[in-house]
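Residue numbers (our numbering): 2 to 86.
Encoded structure:
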């Protein structure tokens, strides 16, 4: 028996049709971006064309140093590692 995932995407007051047409994206992508507070053309383009230099420092995430330490130790012992995210 196959189970299908169902996503509920929050409604928005943004003009998704215009946003999608202007940016050349689908309306679902436009809705997700609008729900993330991305409403201006420049912010949307920066989001869609992100590169590594535009990302925040991952060590600002709580517990990242401990996680990296555990990963390095496990890798040095050649243990299997599973990451859920």
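Positions of the beta carbon are idealized from the N, C-alpha and C atoms, including for glycine.
Given the structure is predicted, the values throughout are model-derived calculations rather than measurements.
Where the alpha helix (DSSP H) through residue i begins and ends
i          : result
residue 77 : 65-77
residue 18 : 17-24
residue 48 : 42-49
residue 32 : 28-36
Nearest neighbour of residue i, chosen from the options [CA to CA]
i          : options           : result
residue 9  : 80, 21, 33 and 54 : 33
residue 37 : 26, 75, 15 and 56 : 15
residue 79 : 71, 86 and 85     : 71
Nearest-angstrom Cβ-Cβ length linking residue i and residue j, presumed shorter than 8 Å
i          : j          : result
residue 28 : residue 12 : About 12 Å; that fails the 8 Å criterion.
residue 61 : residue 24 : Contact doesn't hold; Cβ gap of about 28 Å is too wide.
residue 20 : residue 31 : 4 Å
If you pair each beta-carbon of the stretch 27-45 with each one of the stretch 61-75, do three or more pairs fall below 8 Å? Remark: fewer than three beta-carbon pairs, one from each stretch, lie closer than 8 Å, so the stretch 27-45 and the stretch 61-75 are not flagged as touching.
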